[in-house]
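Engineer:
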Amino acid sequence: MDKIKKCRVYLVGAGPGCSKLISIKGVEILRQADCVLYDKLIGKDLLDYVSADAEVIYVGKDKAKQESINELLIRAANNHKIIVRLKGGDPMIFGRATEEIRTLIENGIDFEIIPGITAITAAAACSAVTLTDRNTASSLSIVTGQNAQGQTTRIDYAGLVRVKGTIVFYMTVGNMRQICQKLMKGGLDAETPAIVVANASLPNQRIIIGSISNIADKCKQANLQPPAVMIIGKKCVSLLQGKPLFGKKIVMTRDAEGNAEFACKLAPRGAEAIDMHCFEIQEWTDKKEFRQAVEKIKNFDWVFFTSPNGVRIFFKGIKKLRKDVRVFGDTKIGCIGSETARAIEEYGINADFVPVHYTSADLMNEFVKKYRPRGKKILLLRSALAEKMEIKGAKTENVSMYTAVKTSGGISNLDEEIDWITFASSFAVKCFFEKFDLRLIENVKIASIGPVTTESLRKLGIEPTVEAKEHTIDGLVEAMEKYGNHE
95 MDKIKKCRVY LVGAGPGCSK LISIKGVEIL RQADCVLYDK LIGKDLLDYV
145 SADAEVIYVG KDKAKQESIN ELLIRAANNH KIIVRLKGGD PMIFGRATEE
195 IRTLIENGID FEIIPGITAI TAAAACSAVT LTDRNTASSL SIVTGQNAQG
245 QTTRIDYAGL VRVKGTIVFY MTVGNMRQIC QKLMKGGLDA ETPAIVVANA
295 SLPNQRIIIG SISNIADKCK QANLQPPAVM IIGKKCVSLL QGKPLFGKKI
345 VMTRDAEGNA EFACKLAPRG AEAIDMHCFE IQEWTDKKEF RQAVEKIKNF
395 DWVFFTSPNG VRIFFKGIKK LRKDVRVFGD TKIGCIGSET ARAIEEYGIN
445 ADFVPVHYTS ADLMNEFVKK YRPRGKKILL LRSALAEKME IKGAKTENVS
495 MYTAVKTSGG ISNLDEEIDW ITFASSFAVK CFFEKFDLRL IENVKIASIG
545 PVTTESLRKL GIEPTVEAKE HTIDGLVEAM EKYGNHE
C-alpha cells in the first residue's frame, strides 16, 4: 500500500479521435508516464508521445471487461509512479470513469482527471451545427442510446421533448429508428432536423443530414457504421450547407497517410472523403546511400526536397541515426512547392528557395536564373520514381530516400454515386486504372493536381474536369470548389 500511495493515476481525455485535439496538459502527462492504459477510440499517434521505456497496455472495450481494467489499474499502481488511463473523448462523459475512480479510491490510489474534447462537441464543430441558441435552444440534453449491458436505455422521451432544447444521442447506430420513433411518439415534430456524424474529426468522418422521420433510413442507405453521434433540434442545421463541396463524395488516391492529410482539408468543407489509397510508401533511409548522404550533407552548397513525404522521411531517418537539424551546417535548403516548404517549417527551418511554379523544370529554370550555380554542389533528395534531375552548370547528386509500390489493400469497389476522383501523381493514375475499368468513371468528375498528372490521364483518354492552378493539395481543393461554384 505504501508503494501505491506514492503513485498517481491520471484519467486523461484523449479527445474525439484526431490526435491534435488532446490538451497540452494531456500531452505533458503522457510524456512523463511510465505506464499507459489506452482505449480503442484514441488517436494512435498519441502513443508517440509516450516514452519507449513505458509499459503500454491496450484495453479496448470490445473484449476487455471493466473489472479486468480495474485490476490492471491496481497492478500498474503497484509497479509504476505515473500511470495514464487514456480514454476517448472526455473521461466523465459516458467514459465509465465512475467505476475506475471508485476502484482507485477504495485502494488508496491518488488520481487526477484531465478533461478532453467530447464526441458531442467534435460532431457539432465538424458539422458546423450550433448546439445552443439563446432564442430557440437554451438547453442541451445528452443521452446514451445504450446502457452498460448494451441494452436500450429507459428514457423519458416525452420529457426530453418538453424541454424544447437540443438533444444529443451517443451510441445510436444500432437503435436509431426506435429512438426517433419514440421521440415522435413523445410529441416531437417529424420534420425536426437531425444530423448524424460518424468518426467526427477523423479522416473517415461522415455527415448524414435529415429529419427524425428519415434519418434512420438515410444512415442505413449510407451503410453508416459506429461510432456516431446524433444531434436533434430546431437549430440543427449545418452551416456548411451551401459550400460547393458539401455532401460531395470525393475519392482520394494518394498513399494512406497522404489521404488522411487530404481528408483533413475536405472535412471543413462538408465533403465526404473516401480513402482509396492504391500505393504505399516504402522508406529507404536504412540504405547505405542515405547514410552516406547525411554524413556529407554539410559539404553541399544546396540540398533540395521535392515533396512533403521526402521531408518527413528525411527527418525520421536522421532521428534513427541520432542526428538532428545540425546535419545541414551552412547548407542552403530549397523546396519544390509550398507544401514541401511548410513541411520543413515544422522542423524549425525556413526554405531558402521555393520556385514560383511547382514542377522540377520550374525549379531548375528559376534556380539557375536566380543563383547561377555553376560549380556549386547540389544534393537532391527525392523519390526513386522521379526522374533524375540535373541543374545546369552545377555538380548535382540525386539520392532516393523512398519509393512507392502498388497495393490493392486500400482499393474497394467504386460507389456509383461518387462525385469526384482526385489524382495527385502520375503513379496514382497508373495504379488506379490498373484496378478499374475506364467506363466506370464516365459520369464522375476528375481532378488533377498538375500538368504532369494531367498528361498521364490524357494518355488514357481521360480529360480532367479541373487541373489545380497551384500544384498542391490546397490547389486541388480550390479547383474543385471553383468548379462547384459554377455548377
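Here the sequence shown is numbered in my numbering, starting from 95 and rising by one per residue.
The beta carbon of each residue, even a glycine, is placed where N, CA and C say it ideally should be.
Just mark L333 as buried or exposed, buried being the case when its beta carbon has 16 or more other beta carbons within 10 Å.
Structural biologist: For the purposes of this step, residue 333 is taken as residue 239 along the sequence shown, with counting starting at 1. So L333 ends up on the exposed side.
Engineer: How would you write the range of the beta strand (DSSP E) that S305 sits in, first residue to last?
Structural biologist: Numbered from 1 along the sequence shown, position 211 holds the residue referred to as residue 305. Segment R300 to S305, the beta strand (DSSP E) holding S305.
Engineer: Skipping 5 residues on each side, what residues in its chain have a beta carbon closer than 6 Å to that of S221?
Structural biologist: Translated into the one-based positions of the sequence shown, residue 221 becomes position 127. I289, V291, I301 and S332, listed in sequence order.
Engineer: What does the Cβ neighbour count give for S52, buried or exposed, with the cut at 16 atoms within 10 Å?
Structural biologist: In the structure displayed, the chain extends from 95 to 581; residue 52 sits before or after that span and is not available.
Engineer: Can you tell me whether T497 is helix, strand or coil according to DSSP?
Structural biologist: Here residue 497 refers to the residue found at position 403 of the sequence shown. It is a strand residue.
Engineer: Measuring straight from C-alpha to C-alpha, what distance separates L135 and F188?
Structural biologist: Counting from 1 along the sequence shown, the entry for residue 135 is found at position 41. Counting from 1 along the sequence shown, the entry for residue 188 is found at position 94. When rounded, the distance between both Cα atoms is 13 Å.
Engineer: Say whether chain C places a C-beta atom closer than 8 Å to the C-beta of R196.
Structural biologist: Looking for chain C here will not work: only one protein chain is present.
Engineer: So, are the CB atoms of A148 and V130 less than 8 Å apart?
Structural biologist: On the sequence shown, position 54 is the one that residue 148 refers to. On the sequence shown, position 36 is the one that residue 130 refers to. Contact: yes.
Engineer: Going by the DSSP bridge assignment, what does T238 pair with across the sheet?
Structural biologist: For the purposes of this step, residue 238 is taken as the residue at position 144 of the sequence shown. Answer by DSSP bridge pairing, in chain order: Y264.
Engineer: Restricting to Cα atoms, I'd like to know which of E193, P402 and K417 is closest to I438.
Structural biologist: Against the sequence shown, residue 438 aligns to sequence position 344. Here the closest residue by C-alpha is P402.
Engineer: Is the separation between the beta-carbon of G154 and that of D139 shorter than 8 Å?
Structural biologist: What you label residue 154 is simply residue 60 of the sequence shown in a count that begins at 1. What you label residue 139 is simply residue 45 of the sequence shown in a count that begins at 1. For G154 and D139, no; Cβs fall outside 8 Å.
Engineer: Is the segment 530 to 540 touching the segment 374 to 389 in the sense that three or more CB pairs, one from each, lie closer than 8 Å?
Structural biologist: no
Engineer: Using only the alpha-carbon positions, how far apart do E561 and G442 sit?
Structural biologist: Within the sequence shown, numbered from 1, the residue matching residue 561 stands at position 467. Within the sequence shown, numbered from 1, the residue matching residue 442 stands at position 348. Taking the straight line from one Cα to the other gives about 32 Å.
Engineer: Roughly how far, in whole angstroms, is the beta-carbon of V178 from the beta-carbon of V106, given that I think they are within contact range, below 8 Å?
Structural biologist: Position 84 of the sequence shown, counted from the first residue, corresponds to residue 178. Position 12 of the sequence shown, counted from the first residue, corresponds to residue 106. With a Cβ gap of about 5 Å, V178 and V106 count as contacting.
Engineer: Between V262 and A294, which are expected to be in contact by the criterion C-beta below 8 Å, what is the C-beta distance as a whole number of angstroms?
Structural biologist: Counting from one through the sequence shown, the residue named residue 262 turns up at place 168. Counting from one through the sequence shown, the residue named residue 294 turns up at place 200. Your pair V262 and A294 does not check out as a contact, with CB atoms roughly 12 Å apart and the cut at 8 Å.
Engineer: Determine the extent of the beta strand (DSSP E) in which S542 is found, giving its start and end residues.
Structural biologist: Here residue 542 corresponds to residue number 448 of the sequence shown, with the count starting at 1. First-last of the beta strand (DSSP E) with S542: K539 to S542.
Engineer: Pairing CB atoms from the segment 384 to 402 with CB atoms from the segment 417 to 437, are three or more of them under 8 Å?
Structural biologist: With contact defined as three or more Cβ pairs closer than 8 Å, the segment 384 to 402 and the segment 417 to 437 are in contact.
Engineer: Going by Cα to Cα distance, which pick from R102, Y104, N269 and E575 is closest to K342?
Structural biologist: Taking the first residue of the sequence shown as 1, we reach residue 342 at position 248. Comparing Cα-Cα distances from K342 to each of R102, Y104, N269 and E575, the minimum goes to E575.
Engineer: When you compare the CB positions of A231 and Y264, do they come within less than 8 Å of one another, or not?
Structural biologist: In the sequence shown, counting from the first residue as 1, residue 231 sits at position 137. In the sequence shown, counting from the first residue as 1, residue 264 sits at position 170. Cβ distance not < 8 Å, so A231 and Y264 don't count as in contact.
Engineer: What would DSSP say about R584, mapped onto helix, strand or coil?
Structural biologist: No answer is possible for residue 584: the residues shown for the chain start at 95 and end at 581.
Engineer: Report the residue from V121, D128, Y152 and E549 whose alpha carbon sits nearest the alpha carbon of Y143.
Structural biologist: As a first step, residue 143 must be located in the sequence shown, where it is residue number 49. It is V121.
Engineer: DSSP state of Y441, grouped into three classes?
Structural biologist: Sequence index remark: in the sequence shown, residue 441 carries index 347 (1-based). Coil.
Engineer: Residues in the same chain with beta-carbon distance under 7 Å from C112, minus the five sequence neighbours each way, listed in chain order, please.
Structural biologist: Counting from 1 along the sequence shown, the entry for residue 112 is found at position 18. So the qualifying residues of the chain are G137, S295 and L296.
Engineer: Check whether the segment 513 to 531 touches the segment 543 to 562, counting contact only when three or more Cβ pairs, one atom from each stretch, lie closer than 8 Å.
Structural biologist: yes
Engineer: Tell me whether D96 sits in a helix, a strand or coil according to DSSP, three-state version.
Structural biologist: Here the question's residue 96 lines up with position 2 in the sequence shown. Confidence at D96 is low in this model, with a pLDDT of 47, below 50, so its placement is unreliable and the value that follows should be read with caution. In this structure, D96 counts as helix in the three-state DSSP scheme.
Engineer: For a test of the three-state rule: what should DSSP assign to F205, helix, strand or coil?
Structural biologist: Taking the first residue of the sequence shown as 1, we reach residue 205 at position 111. Of the three classes helix, strand and coil, the one that applies to F205 here is strand, per DSSP.
Engineer: Counting only the same chain and skipping the five closest in sequence on each side, list residues whose C-beta sits under 6 Å from that of K337.
Structural biologist: Mapped onto the sequence shown, residue 337 falls at position 243. Excluding sequence neighbours, K337 sits near R363 and G364.
Engineer: Do C330 and V237 have their beta-carbon atoms positioned less than 8 Å apart in this structure?
Structural biologist: Stepping through the sequence shown from its first residue, residue 237 is reached at position 143. Stepping through the sequence shown from its first residue, residue 330 is reached at position 236. No, the pair does not count as a contact, with Cβ atoms beyond the cut-off.
Engineer: Do the CB positions of T490 and L474 come within less than 8 Å of each other?
Structural biologist: Within the sequence shown, the letter at position 396 stands for residue 490. Within the sequence shown, the letter at position 380 stands for residue 474. A contact, by the Cβ cut-off of 8 Å.
Engineer: What beta strand (DSSP E) runs, 3 residues minimum, are completely inside the segment 505 to 572?
Structural biologist: 514 to 517 and 539 to 542
Engineer: Once the 5 residues before and after I123 are set aside, which same chain residues still bring their CB inside 8 Å of it?
Structural biologist: Numbered from its first residue, the sequence shown carries residue 123 at position 29. Excluding positions up to five away in sequence, the list reads Y104, V106, I176, V178 and I208.
Engineer: Determine whether the beta carbon atoms of L180 and A108 lie at a separation below 8 Å.
Structural biologist: The residue labelled residue 180 in the question sits at position 86 within the sequence shown. The residue labelled residue 108 in the question sits at position 14 within the sequence shown. L180 is a Cβ neighbour of A108, given a cutoff of 8 Å.
Engineer: Taking only the alpha-carbon atoms, compute the straight-line gap between D568 and R256 and give it to the nearest angstrom.
Structural biologist: By 1-based counting over the sequence shown, the position of residue 568 is 474. By 1-based counting over the sequence shown, the position of residue 256 is 162. Looking at the two C-alpha atoms, the distance is approximately 46 Å.
Engineer: Taking 8 Å as the limit between beta carbons, can you name the residues of its chain near K157, skipping five residues before and five after?
Structural biologist: Here residue 157 is taken as the residue at index 63 of the sequence shown, counted from 1. Confidence at K157 is low in this model, with a pLDDT of 49, below 50, so its placement is unreliable and the value that follows should be read with caution. So the list is empty, once near-sequence residues are dropped.
Engineer: In terms of residues, what are the limits of the alpha helix (DSSP H) holding A284?
Structural biologist: The count along the sequence shown starts at 1 and reaches residue 284 at position 190. Looking at the DSSP string, A284 is not in any alpha helix (DSSP H), and its letter there is neither H nor E.
Engineer: What would DSSP say about P110, mapped onto helix, strand or coil?
Structural biologist: Here residue 110 refers to the residue found at position 16 of the sequence shown. DSSP places P110 in coil when its eight states are reduced to three.
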